[in-house]
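Engineer: Before I ask anything, let me first share the structure, which is written out below as structure tokens.
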Ligand SMILES: NC(=O)c1ccc[n+]([C@@H]2O[C@H](COP(=O)([O-])OP(=O)(O)OC[C@H]3O[C@@H](n4cnc5c(N)ncnc54)[C@H](OP(=O)(O)O)[C@@H]3O)[C@@H](O)[C@H]2O)c1
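In full-length UniProt numbering, the protein residues as written are 1 to 285.
In structure tokens:
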């Protein structure tokens, strides 16, 4: 049996869907914190189980009989290490034979503050002795959807990444990669640096958005502090604004760039382009 945590989240849902392409539904376990959010998963025929990263007792039953597990990193930044520790311990107790973990691109050398919890989680997994695969995902292209609305209204994309290149890819491509790893053989010990084929700067993001929308959009670069303060003025919590602004300056140092094409190789097709993702998004809003 193959289990996916965070299955009610955006990435987890896509991984479950991708698995259902090749794995019978009764061999897929969708682990969610809140089963009331997962009627669609239940309807798909997968085994729906409740599991909260912060409640170890729920994880023991959620992982019963599971051979391969995808631990989708928690969205609760700052609490993730303790939460992931609970899942890793429960996986060990349950006799899981392979744990895949969604980490961050070049976690061990990343200048991004976000990488700290991922590096520590990778170490916990190594120390557990469980056979592992690290899926070190770069940025999601979808991270820019919130900026699209602002850009179409103001004609501006804001950021602090300078000329930094983002090898971003769509969630669906990262999900396809996770499914390929979970259904593939000889995966133990592999570390994948997963990134989109075509990296872009934020100026190129603005130009692509202008092209796709037919509106004028330009990139405006700020210092990390100026950008963080702007995000706070837009209503983001201070801590989250810091993480976003610091990720941009991390990207300016190359932290979200990778040119090796491992994602495309794993999913056996070119990764979905920025243009295609923006076009699909614009036609859905
Ligand atoms: N690479 C990137 O650009 C990028 C961007 C954003 C996030 N991320 C990371 O990638 C992960 C997946 O991304 P996403 O877009 O799918 O995020 P998402 O839609 O926010 O999904 C996060 C999932 O984690 C679950 N979760 C959070 N706390 C939990 C807990 N205590 N116990 C059990 N489940 C818990 C959520 O459950 P609920 O549905 O119950 O809330 C949700 O299913 C994120 O959690 C984050 O670590 C990466």
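No residue lacks a Cβ here, since even glycine has one placed at the ideal position from N, Cα and C.
As the structure is a prediction and not an experimental result, all values here were calculated from the model.
Please confirm if residue 233 has its CB atom under 9 angstroms from at least one CB of chain D.
Structural biologist: Included in the structure is just one protein chain, with no chain D present.
Engineer: Which same chain residues, not among the five before or five after residue 252, have their C-beta less than 8 angstroms away from its C-beta?
Structural biologist: The residues are 160, 161, 162, 163 and 164.
Engineer: Alpha carbon to alpha carbon, how far is residue 47 from residue 29? Give it in angstroms, no decimals.
Structural biologist: Their Cα atoms are separated by approximately 5 angstroms.
Engineer: Does DSSP put residue 101 in a helix, in a strand, or in coil?
Structural biologist: Of the three classes helix, strand and coil, the one that applies to residue 101 here is strand, per DSSP.
Engineer: With DSSP as the reference, label residue 253 as helix, strand or coil.
Structural biologist: Residue 253: coil per DSSP, three-state reduction.
Engineer: For residue 49, count the other beta carbons within 10 Å of its own beta carbon; 16 or more makes it buried, fewer makes it exposed. Which is it?
Structural biologist: So residue 49 ends up on the buried side.
Engineer: Pick out whichever of 51, 156 and 135 has its Cα sitting closest to the Cα of residue 173.
Structural biologist: Closest option to residue 173, Cα to Cα, is 135.
Engineer: Identify, in the order they occur along the chain, each residue of the same chain with its Cβ nearer than 8 angstroms to the Cβ of residue 9, setting aside the five sequence neighbours on each side.
Structural biologist: Around residue 9: 72 and 75.
Engineer: Determine whether the beta carbon atoms of residue 192 and residue 168 lie at a separation below 9 angstroms.
Structural biologist: The answer is no: Cβ separation not under 9 angstroms.
Engineer: For the alpha helix (DSSP H) holding residue 33, just list the boundary residues, first then last.
Structural biologist: Neither: residue 33 is in no alpha helix (DSSP H) and is coded neither H nor E.
Engineer: Take residue 92 as the anchor and find which of 54, 237, 170 and 66 has the nearest alpha-carbon.
Structural biologist: Per the Cα distances, 66.
Engineer: At a threshold of 8 angstroms, does residue 52 count as lining ligand 1 (C-beta to nearest heavy atom)?
Structural biologist: Checking every heavy atom of ligand 1 against the Cβ of residue 52, one is found closer than 8 angstroms.
Engineer: Under 8 angstroms from any heavy atom of ligand 1, does the C-beta of residue 140 make it?
Structural biologist: Yes - ligand 1 has a heavy atom lying nearer than 8 angstroms to the Cβ of residue 140.
Engineer: Heavy atom of ligand 1 less than 8 angstroms from the Cβ of residue 272, yes or no?
Structural biologist: No, since every heavy atom of ligand 1 falls outside the 8 angstroms radius drawn around the Cβ of residue 272.
Engineer: Compute the minimum distance between the beta carbon of residue 235 and the heavy atoms of ligand 1, and state whether it is under 8 angstroms.
Structural biologist: Checking the Cβ of residue 235 against ligand 1 gives no.
Engineer: Which of the three DSSP states is assigned to residue 47 in this structure?
Structural biologist: In the structure shown, residue 47 sits in a strand (DSSP, three-state: E or B).
Engineer: Alpha carbons only, please: which of 138, 6 and 33 is nearest the one belonging to residue 271?
Structural biologist: The residue with the shortest Cα to Cα distance from residue 271 is 138.
Engineer: Given a threshold of 16 other Cβ atoms within 10 Å of its Cβ, counted over all protein chains shown, does residue 285 qualify as buried or as exposed?
Structural biologist: Residue 285 is exposed by the Cβ-count criterion.
Engineer: Regarding residue 109 and ligand 1, is the C-beta to nearest heavy atom distance less than 8 angstroms?
Structural biologist: No, Cβ of residue 109 sits at least 8 angstroms from all heavy atoms of ligand 1.
Engineer: Between residue 112 and residue 104, is the Cβ-Cβ spacing less than 9 angstroms?
Structural biologist: Yes; because the gap between Cβ atoms is below 9 angstroms, this pair is in contact.
Engineer: Can you tell me whether residue 258 is helix, strand or coil according to DSSP?
Structural biologist: Three-state DSSP puts residue 258 in coil, outside helix and strand.
Engineer: In whole angstroms, what is the alpha-carbon distance linking residue 14 and residue 31?
Structural biologist: Roughly 13 angstroms separates the two Cα atoms.
Engineer: Using a Cβ-Cβ cutoff of less than 6 angstroms, which residues in the same chain neighbour residue 3 once the five nearest sequence positions on both sides are dropped?
Structural biologist: So the qualifying residues of the chain are 29, 31, 66 and 69.
Engineer: Checking the sheet assignment: what are the DSSP bridge partners for residue 193?
Structural biologist: 136, per the DSSP bridge assignment.
Engineer: Measure the Cβ-Cβ separation of residue 171 and residue 59 and say whether it is below 9 angstroms.
Structural biologist: Not a contact, by the Cβ cut-off of 9 angstroms.
Engineer: Are residue 89 and residue 133 touching if we call contact CB-CB under 9 angstroms?
Structural biologist: Contact flag unset, no.
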